[in-house]
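One structure is given below, encoded as structure tokens.
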Amino acid sequence: MTFKRTYLSNLNLCISSYNGSLATVPMEKLFSLNEELVHKSLAVFQKLVKRWVDILGSLTVILLLSPIMAAVALTVKLTSRGPVLFKQIRVGYQGKTFIFQKFRSMVAASEDSIHREYVHRLIAGEHDQINLGTRKDPLFKLVNDPRITPFGRFLRKTSLDELPQLFNVLKGEMSLVGPRPPIPYEVHDYKNWHYRRILGVKPGITGLWQVSGRNRTTFDEMVRLDIYYAENWSLLMDLRIMVRTLKVILAADGT
199 MTFKRTYLSN LNLCISSYNG SLATVPMEKL FSLNEELVHK SLAVFQKLVK RWVDILGSLT
259 VILLLSPIMA AVALTVKLTS RGPVLFKQIR VGYQGKTFIF QKFRSMVAAS EDSIHREYVH
319 RLIAGEHDQI NLGTRKDPLF KLVNDPRITP FGRFLRKTSL DELPQLFNVL KGEMSLVGPR
379 PPIPYEVHDY KNWHYRRILG VKPGITGLWQ VSGRNRTTFD EMVRLDIYYA ENWSLLMDLR
439 IMVRTLKVIL AADGT
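Just so we're aligned: the sequence shown equals residues 199 to 453 in our numbering.
Here is the structure:
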């Protein structure tokens, strides 16, 4: 195996191949490849750390709040007929579906046609045709929804209904932070660019849009915030979102 020396003026590096042939690689390309390799390595490392944060974080919260979760489950069972948990198929990372769960806040076996129509008009931008409520009312929840139980309103206000999703996080179907997982019939109404919000990262219990103070935004603006997160997320950004989420929960301004 032999090596050829290159002229420094050409800034080329000669690399010997396995069979003894020589390939010339421009120095600037080599630097670019090294930079790309470092970037990919950091991205993989961050994803591994994010997964460990998800596991440790969800386990910690489950252990700390297990008495509250038990009390909520018992109250749901005693105050309305039906199962304690509401389970629904949602679309997750790269379009893979999973069983999403939360404490039931609506009457059992509720008809979803009202919400289907609401979501359809929302994605289409027909805001004048739907009741968006006040600026504090979250975008994807119907105002004065007749299907919600009295205790369910309290659960939604305090975000306690979201706690069972910690088990989705443990299973790797969701993350603590990420875009909200859409319902299949919502995805059917997506424009092509909307899909970018679910292809890049796992869905989360909380996210950039939920803590941005812009609940009363349009659907397209919400998707842009989710895409921004998917393309720019970092561990520091996740930490900031989780801190802001805690403030929202303590203020009983559930989304």
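All residues carry an ideal CB built from backbone N, CA and C; glycine is no exception.
Keep in mind that this is a model prediction, so the values were computed, not measured.
Cα-Cα separation, residue i to residue j
{"i": "Y393", "j": "G376", "result": "14 Å"}
{"i": "R422", "j": "T258", "result": "32 Å"}
{"i": "S207", "j": "T416", "result": "Low confidence applies here, because S207 scores a pLDDT of 44, under 50, leaving its location unreliable; read the following figure in that light. Rounded to whole angstroms, S207 to T416 spans 56 Å at the Cα level."}
{"i": "K248", "j": "N430", "result": "14 Å"}
{"i": "Q408", "j": "L276", "result": "31 Å"}
{"i": "T356", "j": "L448", "result": "8 Å"}
{"i": "M304", "j": "I346", "result": "4 Å"}
{"i": "L444", "j": "W391", "result": "31 Å"}
{"i": "K174", "j": "P380", "result": "The structure shown does not extend to residue 174, since the chain spans only 199 to 453, so no value can be given for it."}
{"i": "Y388", "j": "E419", "result": "14 Å"}
{"i": "T453", "j": "G323", "result": "Only weak support is given to the placement of T453: the predicted model assigns it a pLDDT of 47, under 50, and the value that follows is read from those uncertain coordinates. Their backbone Cα atoms lie some 20 Å apart in a straight line."}
{"i": "R314", "j": "L358", "result": "24 Å"}
{"i": "S256", "j": "A306", "result": "27 Å"}
{"i": "Q244", "j": "V251", "result": "10 Å"}
{"i": "A271", "j": "G402", "result": "22 Å"}
{"i": "V242", "j": "L262", "result": "30 Å"}
{"i": "L437", "j": "L246", "result": "15 Å"}
{"i": "R354", "j": "T404", "result": "14 Å"}
{"i": "M440", "j": "D343", "result": "28 Å"}
{"i": "A269", "j": "L368", "result": "22 Å"}
{"i": "S311", "j": "R351", "result": "20 Å"}
{"i": "Y426", "j": "Q286", "result": "27 Å"}
{"i": "I321", "j": "G398", "result": "21 Å"}
{"i": "A428", "j": "V317", "result": "22 Å"}
{"i": "M372", "j": "Q363", "result": "8 Å"}
{"i": "V282", "j": "S308", "result": "14 Å"}
{"i": "M435", "j": "G293", "result": "24 Å"}
Proximity winner among the options, relative to residue i (alpha-carbon distances)
{"i": "T273", "options": "V385, R314, F349", "result": "F349"}
{"i": "P265", "options": "Y316, V242, L361, A428", "result": "L361"}
{"i": "V446", "options": "I396, E371, L406", "result": "L406"}
{"i": "S278", "options": "R302, L263, P379, R314", "result": "R302"}
{"i": "R378", "options": "F243, R288, I253", "result": "R288"}
{"i": "F284", "options": "G293, Q292, Q299, T295", "result": "Q299"}
{"i": "Y291", "options": "G280, M435, I396", "result": "I396"}
{"i": "Y383", "options": "I253, A271, T295", "result": "T295"}
{"i": "H386", "options": "I297, R319, E309", "result": "R319"}
{"i": "M267", "options": "F365, R442, L434", "result": "F365"}
{"i": "I297", "options": "S410, D424, G370", "result": "G370"}
Residue i - DSSP class collapsed to helix/strand/coil
{"i": "L460", "result": "Nothing can be reported for residue 460: it is not among the residues displayed for the chain, which extend from 199 to 453."}
{"i": "I381", "result": "coil"}
{"i": "G398", "result": "coil"}
{"i": "K300", "result": "strand"}
{"i": "T273", "result": "helix"}
{"i": "T443", "result": "helix"}
{"i": "L211", "result": "A caution first: L211 carries a pLDDT of 43, below 50, which makes its placement in the model unreliable, though a value can still be read off. The answer is strand: DSSP assigns L211 an E or B state."}
{"i": "D252", "result": "helix"}
{"i": "T347", "result": "coil"}
Unbroken beta strand (DSSP E) run spanning residue i, endpoints
{"i": "R288", "result": "283-289"}
Host alpha helix (DSSP H) of residue i (start-end)
{"i": "S147", "result": "Outside the shown range of the chain (199 to 453) lies residue 147, about which nothing can therefore be said."}
{"i": "E419", "result": "417-430"}
{"i": "E315", "result": "311-322"}
{"i": "L364", "result": "363-368"}
CB contact check: residue i to chain B, cutoff 9 Å
{"i": "R249", "result": "The structure shown contains no chain B; it is built from a single protein chain."}
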